Each structure stands twice: as structure tokens, then as C-alpha cells.
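K.L.:
Numbering follows this note's numbering, in which position 41 of the sequence shown is assigned residue number 72; successive positions increment by one, without gaps. We put the beta carbon where it would ideally sit given N, CA and C, even for glycine. This one's a predicted model, so the numbers in the text were calculated from it and none came from an experiment. First the structure, then my questions, so here it is.
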Amino acid sequence: MHEHNLLPLVLLPDIRLRKKAQKVTDINDDLIQTLKNMHHTMLTAKGIGIAAPQVADTRQIIVVDLQDREENPDSSRPLFFINPSITWKSDTYDEVEEGCLSIPQQLATVKRPVSIGLEYTDINGNAHTLEASGLFARCLQHEIDHLNGVLFIDHLSQLKRNVIARKSKTIKKELIKEDKNIIPIAT
Ligand code: NI
Numbered sequence: 032m033h034e035h036n037l038l039p040l041v042l043l044p045d046i047r048l049r050k051k052a053q054k055v056t057d058i059n060d061d062l063i064q065t066l067k068n069m070h071h072t073m074l075t076a077k078g079i080g081i082a083a084p085q086v087a088d089t090r091q092i093i094v095v096d097l098q099d100r101e102e103n104p105d106s107s108r109p110l111f112f113i114n115p116s117i118t119w120k121s122d123t124y125d126e127v128e129e130g131c132l133s134i135p136q137q138l139a140t141v142k143r144p145v146s147i148g149l150e151y152t153d154i155n156g157n158a159h160t161l162e163a164s165g166l167f168a169r170c171l172q173h174e175i176d177h178l179n180g181v182l183f184i185d186h187l188s189q190l191k192r193n194v195i196a197r198k199s200k201t202i203k204k205e206l207i208k209e210d211k212n213i214i215p216i217a218t
């Protein structure tokens, strides 16, 4: 097996983006390989986060890698999060433009808590807690939303959500025609 493979992406509209992911009970080679493949796929698509439902996997796993998008990137920061769960959210919010690998070519400003607390398990099965703020916290919230079947468009007004959902159908058809690396099943 290659060290990592490019995985086809699930794009909106697709029912799999709306399903809740399952808690991981067994950290095995397949799970670790899937995380590596997700990371490779995310970097190739120039994303900073990816969640299992976006590659048609049903497990509670996400990858967050901000690369050099912050002034002081912390190279010791974890990339792989198993069963991540938010334990608290700050009362302060900010609004930042977001995109999503499953909703290509579309951006919108989303309001989220600035800081969060997180519990997760690492690939060695060890439990951790961490506090995150800024772009890291935003990205974790976006990816954990995916594990609950929630997309960033759900945080927008219904009008904006409908516009993006409608455009997504067209964009998805075009990308399938161009034979991009996506899963061409919309249900
Ligand atoms: Ni996303």
C-alpha cells in the first residue's frame, strides 16, 4: 500500500453529509491509514480540515492542519482527532469567512464561538483535552459539525443557505463532467 492515497470527495448535495458519524471503538491500521489518506486528500485540495463523512467514511474522525495559515504555527499541534467532542464554548463570538471541501467554490461568513474546549483520543488510544481559539477553534468546530451531519451553510440564513445549495447542484454536475476526484452519487 502507498503511504497515502487520494480519496474521492463527497459533495453537496449528498445524504451522507447529513448522517451522524459513529463512535470509534477500535483504533486499527485501517483507521490510521484512513486518517493519513484524509490528510493527503485535504492538503491536495488545499483545505485546512477534513471530516470522515466527506470521504464517505462513517467514523468519528477528523483531520485539522492549519499549515502556515497562522503567524505562529505550532508544529506539536495534533492533526488527527478520534471521537472529538466539544466540552465548552466561549461566550465571545467572531465572524469569519469559511469554505468547505464538500461545498467547492463557495464561501460565506459564519459566526462561531472564538474559543472552545475539546476532548479527543489520539491514534495511540490516549485521551486528551485541549483548549483552542482563533482559526484552530473555528476549524475544529467546522469539522466536528460534519460528524453530526451539520454543514457551515446551516449556520446561515435560510435565504443564503438556499442560494448556496442551489449553486452546489450545478457546480457538482460540472465537476463530475470534468471527472474530478469526487463521488458522483447524489441521493
Ligand atoms: Ni467542511
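Are there 16 or more other CB atoms within 10 angstroms of the CB of Thr65, so buried, or fewer, so exposed?
P.N.:
Classification of Thr65: buried, given that the 10 Å Cβ count is 16 or more.
K.L.:
Beta carbon of Val55, beta carbon of Leu48: below 8 angstroms?
P.N.:
Not a contact, by the Cβ cut-off of 8 angstroms.
K.L.:
In three-state DSSP terms, what is Pro39?
P.N.:
Pro39: coil per DSSP, three-state reduction.
K.L.:
Say yes only if the C-beta of His9 is nearer than 7 angstroms to one or more non-hydrogen atoms of the ligand NI, and no if none qualify.
P.N.:
Coverage of the chain is limited to positions 32 through 218, which leaves residue 9 absent and any answer about it impossible.
K.L.:
From Ile58 to Gly156, what distance separates their C-alpha atoms?
P.N.:
C-alpha separation (whole angstroms): 7 angstroms.
K.L.:
Compare the C-alpha of Glu128 against each of Ala139, Lys77 and Ile213 and name the closest.
P.N.:
The shortest Cα separation from Glu128 among Ala139, Lys77 and Ile213 belongs to Ala139.
K.L.:
When we look at the beta-carbon of Thr218 and count the other beta-carbons within 10 Å, is it buried (16 or more) or exposed?
P.N.:
Any reading at Thr218 needs caution, since the residue's pLDDT is 47, under 50, leaving its predicted position unreliable; the model's value is listed next. When all chains shown are included, Thr218 counts as exposed.
K.L.:
Is it the case that the CB of His173 approaches a heavy atom of the ligand NI more closely than 7 angstroms?
P.N.:
Yes, the beta carbon of His173 sits closer than 7 angstroms to at least one heavy atom of the ligand NI.
K.L.:
Grab me the residues of Lys51's own chain with a C-beta within less than 8 angstroms of its C-beta, minus the 5 sequence neighbours each way, in chain order.
P.N.:
Hits under 8 angstroms: Leu178, Asn179 and Gly180.
K.L.:
Is the stretch 136–152 in contact with the stretch 105–121, if contact means three or more CB pairs nearer than 8 angstroms?
P.N.:
As far as the Cβ criterion goes, the stretch 136–152 touches the stretch 105–121, which means the pair count is three or higher.
K.L.:
Alpha carbon to alpha carbon, how far is Ile81 from Leu38? Give it in angstroms, no decimals.
P.N.:
Those two C-alpha atoms are separated by around 11 angstroms.
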